Every structure is written in structure tokens, then in C-alpha cells.
Amino acid sequence: MAMSFGSLVFLSVGGVLALSVGANLRNTFDLLGAQSTLLIDAMEDLLRAEMGRAESAVDGVAQLYKQGEFQIDDEAMSAALASALAAAPGVNAMLICTPDLICRGAAVTGDNDAKYPAGTIRKLPAETEKSPQVRAVLEERQQVDGRRWGAFVANEYGLFANVSAPLSRDGATKAWVIAAVELQNLSKITQELSSRFGTHAFILDGDGSILADQRLASPDALKNGILPLTPLANFGDPVLAGYE
Numbered sequence: 001m002a003m004s005f006g007s008l009v010f011l012s013v014g015g016v017l018a019l020s021v022g023a024n025l026r027n028t029f030d031l032l033g034a035q036s037t038l039l040i041d042a043m044e045d046l047l048r049a050e051m052g053r054a055e056s057a058v059d060g061v062a063q064l065y066k067q068g069e070f071q072i073d074d075e076a077m078s079a080a081l082a083s084a085l086a087a088a089p090g091v092n093a094m095l096i097c098t099p100d101l102i103c104r105g106a107a108v109t110g111d112n113d114a115k116y117p118a119g120t121i122r123k124l125p126a127e128t129e130k131s132p133q134v135r136a137v138l139e140e141r142q143q144v145d146g147r148r149w150g151a152f153v154a155n156e157y158g159l160f161a162n163v164s165a166p167l168s169r170d171g172a173t174k175a176w177v178i179a180a181v182e183l184q185n186l187s188k189i190t191q192e193l194s195s196r197f198g199t200h201a202f203i204l205d206g207d208g209s210i211l212a213d214q215r216l217a218s219p220d221a222l223k224n225g226i227l228p229l230t231p232l233a234n235f236g237d238p239v240l241a242g243y244e
């Protein structure tokens, strides 16, 4: 399922609006308009900030490559990716993938990494991508130009949104730079907004499954079987079940 950043914002607005109507109808219609507007605006602002950093990261790396500041697989490339990650809070990894489906890059370690302290930026060595899901995403990416938000990618670390841009020089595309954003970060946004507005914020995808919710913001969510893209009926939350 491919979606643009604008579509992601639209999904968040739709989900929050449904939430606001449901929550406030139990109180008073007088509060409905103001609360809904504030919550939607806050969600959109936070989403744009979160995803905008990922877009800026790939744009910046692409510009450095175009200017000849690094070659693929040299030390300058590793430094550029590490710098882009450090300047983009919320972005979990930066990858450069070539047409042969070999990817390399840098990633921010999480809380469950036994080898590195949380928040460490570590180098990811070049290796052929083995996941059929990721290979399909990379092959599809080669067919389109410009910056693009791609399909969600799920792996053992979670569910990720990704934005990519071509690395071009002298009119030829040599590779693509990809920024990955774990959707748990979006759940942290819904958690913050739920607390701020005294309600239950969440984000649904177009098929009625959960993209982001405060329960998914827990570091132990995956371990406890609370998974993103779970259908509403199976999420085990009576509030969300009411929006089927």
C-alpha cells in the first residue's frame, strides 16, 4: 500500500475527527467544533514535523551526492548518513540502495539492542536485501522518479513508513536514499495528544486497521503482541471497536 505524505496526514485527520466526534457527543455539542479543530490541527502539525524531517534528510543526502560530496560506499557516505540521522529526530534509519538491491547505511539503536546503548548511530554494512517485501518495494521504486513515500514495511523491529529520493549525478540515477520512520513514533504523537486533550487519539489506515495508538507507543507493545495494522475488531480496545 503506497501513500503520499499528504495521504498520511489525511488519514490522521479523518481518524482524529471520528474520535473527536465520538468523544465529545457524550459531553456537549458546544465543545465539538473547537475540540475537533484543535485536535486535528495539532495532529497535522506534529505529523508534518515528524515526516518533514525524514523528507529533509533524504533531500539533503541526495543534494550532497549530486554535488559530488561522496561516493557510494566510501567513508564520506557513511558520515553523510550519520549526520542526516543525527539531524532528523524520529528517523530510525538511513539507507542507500543500488539497483542490484544491495543496501547499506546507518541506523539508530533502540532500547532493546544488547550491543549498543539506545540512541547510538551504527553503520549498516552493504548486503543484499533478502526480504521479499522489501525487495518488492525497492524494485517498484526504480520505476518512478523524484521523492516518494513508499509502502509500509514490516520486519522483526516493527512497522516502518519510508520516504526515498534518487541519488543522481550527471543525469544518471545511481541509487536511492531511503529514510525509515518507525510507526511507533506516530503512536507517541497520539499518546501526547490524548494526554493534552483528555481524549483518545488514534490513526487508521484506509482499510480500518490501526496505524497508531497510545497502546502501540509502549516499548513492550510488540513483545506483548500489540501490533500496528491490526484490524479494529481485533485490537481489543472498546473505544476503537466503536468505529468499525
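Mapping to our numbering: the sequence shown position 164 is 164, numbers consecutive.
Beta carbons are placed, not taken as given, at the ideal position from N, Cα and C, and that holds for glycine.
Keep in mind that this is a model prediction, so the values were computed, not measured.
*Thinking C-alpha only, which one of Gly171, Gly236 and Leu124 is nearest Cys97?*
Counted from its first residue, the sequence shown places residue 97 at position 97. Of Gly171, Gly236 and Leu124, the residue nearest in Cα terms is Leu124.
*Ignoring anything shorter than 4 residues or poking outside the stretch 101-187, list the alpha helix (DSSP H) runs there in chain order.*
132-141
_C-alpha distance - Gln143 paired with Thr173, whole-angstrom precision_ = The residue given as residue 143 occupies position 143 in the sequence shown. The residue given as residue 173 occupies position 173 in the sequence shown. Those two C-alpha atoms are separated by around 11 Å.
*Closest Cα partner of Met51 within the set Asn155, Gln71 and Ile189*: Here residue 51 refers to the residue found at position 51 of the sequence shown. Closest option to Met51, Cα to Cα, is Ile189.
*Under the rule that 16 or more other beta-carbon atoms within 10 Å means buried, what is Ala107, buried or exposed?*
Walking along the sequence shown from the start, residue 107 turns up at place 107. The residue in question, Ala107, is buried, as its Cβ has 16 or more Cβ neighbours within 10 Å.
_Assuming the contact rule is C-beta atoms closer than 8 Å, Ala62 and Ala165 should be a hit. Round their C-beta distance to whole Å, please._
Translated into positions along the sequence shown, residue 62 becomes position 62. Translated into positions along the sequence shown, residue 165 becomes position 165. The Cβ separation is near 4 Å, so the contact holds.
*Which residues does DSSP pair with Pro89 in a beta bridge?*
On the sequence shown, position 89 is the one that residue 89 refers to. Per DSSP, none; premise fails for Pro89.
*Please classify Ser78: does DSSP put it in a helix, a strand, or coil?*
As a working note, residue 78 is residue 78 in the sequence shown. Here Ser78 sits in helix by DSSP.
*Which value, in whole angstroms, describes the spacing of the CA atoms of Asp220 and Ala180?*
As a first step, residue 220 is located in the sequence shown; it is residue number 220 there, counting from the start. As a first step, residue 180 is located in the sequence shown; it is residue number 180 there, counting from the start. Rounded to the nearest angstrom, the two C-alpha atoms are 20 Å apart.
*Per DSSP, which one or two residues make a beta bridge with Leu64?*
Numbered from its first residue, the sequence shown carries residue 64 at position 64. Leu64 pairs with nothing; no bridge assigned.
*Cα-Cα separation between Gly68 and Asp41, rounded to whole angstroms*: Residue mapping note: residue 68 aligns to position 68 of the sequence shown, counting from 1. Residue mapping note: residue 41 aligns to position 41 of the sequence shown, counting from 1. Approximately 40 Å, taken between the alpha carbons.
*Thinking C-beta only, is Glu127 closer than 7 Å to Arg135?*
Counting from 1 along the sequence shown, the entry for residue 135 is found at position 135. Counting from 1 along the sequence shown, the entry for residue 127 is found at position 127. Contact flag unset, no.
*Assuming Asp205 and Leu229 form a contact by the criterion Cβ under 8 Å, report the distance between their Cβ atoms to the nearest whole angstrom.*
Counting from one through the sequence shown, the residue named residue 205 turns up at place 205. Counting from one through the sequence shown, the residue named residue 229 turns up at place 229. Sure, about 7 Å apart at Cβ, within 8 Å.
_Cα-Cα separation, Leu211 to Asp100_ = For the purposes of this step, residue 211 is taken as residue 211 along the sequence shown, with counting starting at 1. For the purposes of this step, residue 100 is taken as residue 100 along the sequence shown, with counting starting at 1. For Leu211 and Asp100, the distance between alpha carbons rounds to 31 Å.
*What is the rounded straight-line gap between the Cα of Leu227 and the Cα of Ala201?*
To locate residue 227, count along the sequence shown from 1; it is residue 227. To locate residue 201, count along the sequence shown from 1; it is residue 201. Cα to Cα, Leu227 sits roughly 17 Å from Ala201.
*Collapsed DSSP secondary structure at Asp30 in the structure displayed*: Looking up residue 30 in the sequence shown gives position 30. Caution is warranted here: a pLDDT of 42 is assigned to Asp30, below 50, making its placement in the model unreliable, and the coordinate value is therefore given only provisionally. Reduced to three states, the DSSP call for Asp30 is helix.
*Where does the unbroken beta strand (DSSP E) through Ile72 begin, and where does it stop?*
Numbered from 1 along the sequence shown, position 72 holds the residue referred to as residue 72. Counting along the chain, Ile72 falls outside any beta strand (DSSP E), and DSSP gives it neither H nor E.
*Minimum C-alpha distance to Val58 - residue among Asn234, Pro231, Trp149 and Arg196*: As a first step, residue 58 is located in the sequence shown; it is residue number 58 there, counting from the start. Minimum Cα distance to Val58 is reached at Trp149.
*asked:* Here's the rule: buried if 16 or more other CB atoms are within 10 angstroms of the residue's CB, otherwise exposed. What is Gly88?
replied: Mapped onto the sequence shown, residue 88 falls at position 88. The displayed chain sequence assigns Ala, not Gly, to residue 88. The residue in question, Ala88, is buried, as its Cβ has 16 or more Cβ neighbours within 10 Å.
_Which same chain residues end up closer than 6 Å to Leu95 when comparing Cβ atoms and leaving out the 5 residues on each side of it in sequence?_
The residue labelled residue 95 in the question sits at position 95 within the sequence shown. Contacts found: Cys103, Gly105 and Ile178.
*Reduced DSSP secondary structure (H/G/I, E/B, other) of Thr199*: In the sequence shown, residue 199 corresponds to position 199, counting from 1. In the structure shown, Thr199 falls within a coil segment according to DSSP collapsed to helix, strand and coil.
*Less than 7 Å separating the beta-carbons of Val163 and Ala151?*
Numbered from its first residue, the sequence shown carries residue 163 at position 163. Numbered from its first residue, the sequence shown carries residue 151 at position 151. Cβ distance not < 7 Å, so Val163 and Ala151 don't count as in contact.
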